Every structure is written in C-alpha cells, then in structure tokens.
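There are 2 protein chains.
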Amino acid sequence: MRPENETDGQPKRSFIEQARRAQIIAAAVEVIAEVGFVKASLARIAAHAGISKGVISYHFAGKEELMAQIVTQVYSDISEAVVPRILAEENHNAMIRRHIIAVAEHMSGHRDQIAALGEIFSHLRKDNGEPYFDTDSSAPLYEGLEGLYRSGQESGAFRDFDPRVMAVTQQSAIDAMFAYWVANPGHDLDAHAAELAELFDRATRASDTD
Amino acid sequence: MRPENETDGQPKRSFIEQARRAQIIAAAVEVIAEVGFVKASLARIAAHAGISKGVISYHFAGKEELMAQIVTQVYSDISEAVVPRILAEENHNAMIRRHIIAVAEHMSGHRDQIAALGEIFSHLRKDNGEPYFDTDSSAPLYEGLEGLYRSGQESGAFRDFDPRVMAVTQQSAIDAMFAYWVANPGHDLDAHAAELAELFDRATRASDTD
DNA sequence: CTAGATTCTGGCCATGCGGCCAGAAAATGA
DNA sequence: TCATTTTCTGGCCGCATGGCCAGAATCTAG
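First to last, the protein sequences are chains A and B. First residue of the first sequence: 1, per UniProt numbering; consecutive thereafter. First residue of the second sequence: 1, per UniProt numbering; consecutive thereafter.
And the structure:
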C-alpha cells in the first residue's frame, strides 16, 4: 500500500521517494533517447534502472505522469541555464541571439535529454488521443518570446512583424536544430546556433529605412 | 490468393486494384487526420472505408507500405502544384518567397493531407524502431532547397550563409506553420505564409554592403 | 525487540494490435 | 453456362503493453 499524503496540494515525498523518482526519470530519459518513445516500455525502463517494474507504478500514477515529469524536469533545467543569460543582455537584438546560442550551449552537454524531449513531445497523448503538448500548452513558452518581440518592437529595435508567427518560427528552428543534431551526432551544434542567431537577427531587425 | 505479378520491378495493377488502393489511402488520410496515427488501426481505417479489414492486407504488404504510399501520394501532389510556380519566377529572392506561399496555398485546400503527413512523419518507425523519415531520407527535399540557395549565392542574390542550415530551418518553419494551423483551424494560413516569406527574404538577402 | 509503515517483487490479466488464412463471393472469359 | 481467377469476408492467433495486486522484504519508531 502506498501512503496517502495527498490530502491537499502537493504530496509530501520522503527523501527515498524523491531519490527513486529521480533515478527512474534518469533511466527513462536514457532509454527513450536510445530506443525511442514507442519501444520504451515500463518493463524496459525498469530493467535499465535495475529495479522491478512495479516500482514505477508505485512511485508514479502511470506512464503519463512519468513522461510529464521528464518534460517538467528538462524544461526547468533549460530555463535555469538560459533565462539569466538572456536577461543579462542589454538590447533586444542581443537577447534574441543569446536565446538561441545559450540553449544550444546548454543542450550540447545533455543530448539524451533533448532527444527524449522530442520523442515525448511528438508521441505522448492523452487517453482521448489528443496531443499532450500542443501549441496551446506551450503557450507560456511562446508568450515569453512574444513579449520580448513586442517590447523590442516598441523600442524600435525590431521591425513590424507578427510576434506570434515569429515566436513559433524561432522555436521550430531551434527544435529542428536539435533534431538534426540528434540524428547526426557529428553535426556542429554551435556553428548551427550561430547561423540561426544571424538569421533571426536579420529577420527581426529594423531596417535602416524603418 | 493474391496474383503474383511481381516477377520483376513494379507489380502490374488492375484498374480495380488501383481504385481500391486509392480508396484505402483516402480513408486512411481521413482517419489519421481525425484520430491520430496511434489510434488509426487497420480495423478503424477499414471500417471508415466501408470494407473488411482483410482487404487492406490484400492490397498492401502491411501497415508500413500503406503509410509510405500516403506520404508518396501527398508529396507528389505538392510537387506537382508547387514546383512549376517556383520555376516560373525569375530571380532567387522571388523563388524563396514563392516556395513558401505556393505550398501554403496548395495545402489550404488539403488540411487532412498535411495533418496526416505530420502524424506519419513523427510516428512511423521501421521494425528496428528507427524513424522511417529522418533528415537523411528527406535529403532529396533539402537538396532542392540547398541547390537554390547555392545558385542564389553564386549570383549574388543571397548573402553567405550555410545552405544546409537554411534549408533545414526553412522547412521546419513551414512544417511548424502547418502544425499550428492544424491545431488552430481559425489561424490565417496565408497571412502566416506571407510573414514567413518576408522573414526568409530578409534572412537570405545580400546586404547592400555585401 | 517488535509492531507497524513503507517499499519492493514478480507475475497475472485484460486490452488492442497487425498479420494471416480458409472459405465465400464476385468478376472474368471461353 | 461453367471453370478459373480475382477479390473479399470475418474471425482467429500470437504478441506486447500498462495497470494491478498479494505477499515478501525492508525500514522506522517506540
């Protein structure tokens, strides 16, 4: 039996439980990165972690929760590493460049994480079959970029484009960069990021005549 | 029993067989677009087409071949509609713009097709679990864009960027546009395409000082 | 030391899937 | 008309999966 501490809000977790959850998440990331979402069964993840299958069921409500936790974990790692570096920049043009370059630099040391994230994004579905992560659930992510674009437009650093379209495009360009890198490990990630930074700088920057 | 005409090269197909294959492909596209790849079982596709499940097995070697045929079909439709319009342009900058706008115009009347295509791309795997369509299998697609970029660079229309990165980025931007549109049917596809055309024109165009 | 809470094991079960097949039905052609 | 080929039906089979549970093992506190 599982202790019921979920009377309100967040369940309390013992240290052992936190450690187990972290271990399972780490194992799941490695397995998904290696064999893909579809073949990453609970049995396989458990075997990779050196534990029994039931342990996963014990610590997570189901496969869905495990996957969602992976996404949460990776996302917060990224934010922690990238956001401060963006905010350290002093003008909007530099912030755009920094966003792309910082996330690439961070991910270059965490390839399994970004590979697993891509798999989960495209495969995880709710029971009714709808995507777990669509453009709406990513809204907070886009809103950050959109806000940056809008304020840059107000300051005159950026030309007059549709911020939503630009945000969707920049995010997709970054995702594609990682997908390409995951499929082609020899690819030069930093060089790719530098190209993207130049690309979006030119695409967003106000013309001299504007 | 199935007649064996596959002695060499392409199997001969009767008119009835061609019609059935087309019917099944059409049904599969609709089902995938509606319920997603994972829930699009052969049984469901057959029911939607009003035929027995075995018919699909009879006309296609397996689910894999059916999915591959869908991709082939949709791709050739796109090429037929878009390529001539690109070639009709007279300079490289206009060709880039036309590529984006023409594909969006074509797809605006074929939403199920592009929705199914996205599902198949991200879900279809070989037996060994590897993606059926990765960046390498899309190489012919990229090579077309890359060639366009290179010749534009030689002519001086484009600045000096990495053609591979630009091709991957432009394709991902277009894919993201469709994905956003599929998830948000009210989205203005033509306006989005116009924004992208402007974006990539600015990103690729040679500076006055180059 | 001991009782109770916590964590783990290993296997069972229902479900849904794709592939397959024997025989029915329909089309073909002489 | 009737034999032969082509097409279709409906169900069966093996397989893999995620969820679940009874009982064992381990830890904790009094």
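All residues carry an ideal CB built from backbone N, CA and C; glycine is no exception. Here the structure is a predicted model, which is why all the values come from computation and not from measurement.
List the whole-angstrom C-beta distance separating A33 (chain B) from D112 (chain B), where the pair is believed to meet the contact cut-off of C-beta under 8 Å.
4 Å
Return the chain-ordered list of same chain residues with a C-beta closer than 8 Å to the C-beta of D175 (chain B), the five sequence neighbours on each side being excluded.
G118
With a 10 Å radius around its C-beta and 16 neighbouring C-beta atoms as the bar for buried, classify L87 (chain B) as buried or exposed.
exposed
If you follow the alpha helix (DSSP H) that P3 (chain A) is part of, which residue opens it and which one closes it?
Run containing P3 (chain A): none; DSSP gives neither H nor E here.
I'd like to know if Y180 (chain A) contacts chain B, where contact means its C-beta is closer than 7 Å to some C-beta of that chain.
yes
Within a Cβ cutoff of 6 Å, which residues of the same chain sit near A193 (chain B), ignoring the five residues on either side of it in sequence?
I100, I101, A104
Backbone CA spacing between F121 (chain B) and H106 (chain A) [nearest angstrom]
27 Å
Name the DSSP beta bridge partners of F158 (chain B), please?
B:R205
Proximal chain A residues relative to F161 (chain B), where beta-carbon distance stays under 8 Å:
E195, E198, L199
Can you tell me which of B:S137, B:H123, B:D201, B:A191 puts its alpha carbon nearest to the alpha carbon of G152 (chain B)?
B:D201
Output the distance between the C-alpha atoms of Q170 (chain A) and I45 (chain A), rounded to the nearest integer angstrom.
33 Å
The alpha helix (DSSP H) spanning P163 (chain B) covers which residue range?
163-183
Should the region 64-75 of chain A be regarded as contacting the region 12-26 of chain A, the criterion being three or more beta carbon pairs within less than 8 Å?
yes
How would you label F15 (chain A), buried or exposed, when you count the other beta carbons within 10 angstroms and need 16 or more for buried?
exposed
Of the residues A:H110, A:V55, A:K39, A:E30, which one's Cα is nearest the Cα of D127 (chain B)?
A:K39
Any beta carbon from chain A within less than 7 Å of E40 (chain B)'s own beta carbon?
According to the sequence as given, residue 40 (chain B) is Ala; it is not Glu. It does not; no Cβ of chain A falls within 7 Å.
Taking C-alpha atoms, which residue in A:L124, A:P3, A:Y75, A:A197 lies nearest to H110 (chain A)?
A:Y75
Can you give the Cα-Cα distance for R98 (chain B) and G36 (chain A), rounded to whole angstroms?
36 Å
According to the Cβ coordinates, are S172 (chain B) and A183 (chain A) closer than 7 Å?
no
Please list the partners that R125 (chain B) has in chain A, where partner means a Cβ-to-Cβ separation under 9 Å.
G36, V38, K39
Confirm, please, whether the CB-CB distance from A206 (chain A) to P164 (chain A) is below 7 Å.
Reading the sequence as shown, one finds Arg at residue 164 (chain A) and not Pro. No.
Coil, strand or helix - R125 (chain B) by DSSP:
strand
How would you list, in chain order, the residues of chain B whose beta-carbon sits under 7 Å from the beta-carbon of R202 (chain A)?
R202, A203
Using a C-beta cutoff of 7 Å, does S151 (chain B) count as contacting chain A?
no
Look at the alpha carbon of A197 (chain A) and the alpha carbon of E80 (chain A), and state the distance between them as a whole number of angstroms.
21 Å
Report all residues from its chain with a CB closer than 7 Å to the CB of E17 (chain B); omit the five preceding and five following residues, and keep chain order.
H59
Is there a Cβ from chain B that is less than 7 Å from the Cβ of G109 (chain A)?
no
Checking contacts by CB at 7 Å: is D188 (chain B) closer than that to chain A?
no
Proximity winner among A:Y142, A:G129, A:A49, relative to A167 (chain A) (alpha-carbon distances):
A:Y142
Exposed unless 16 or more other CB atoms sit within 10 angstroms - verdict on D190 (chain A):
exposed
For L145 (chain B) and E89 (chain B), the rounded distance between their alpha carbons
15 Å
When the cut-off is 7 Å and only beta carbons count, does A28 (chain A) lie next to chain B?
no
With a cut-off of 7 Å, does the C-beta of S122 (chain B) fall near any C-beta of chain A?
yes
S41 (chain A) versus R2 (chain B) - alpha carbon distance
37 Å
Cβ-Cβ distance between A203 (chain B) and A43 (chain A) below 7 Å
no
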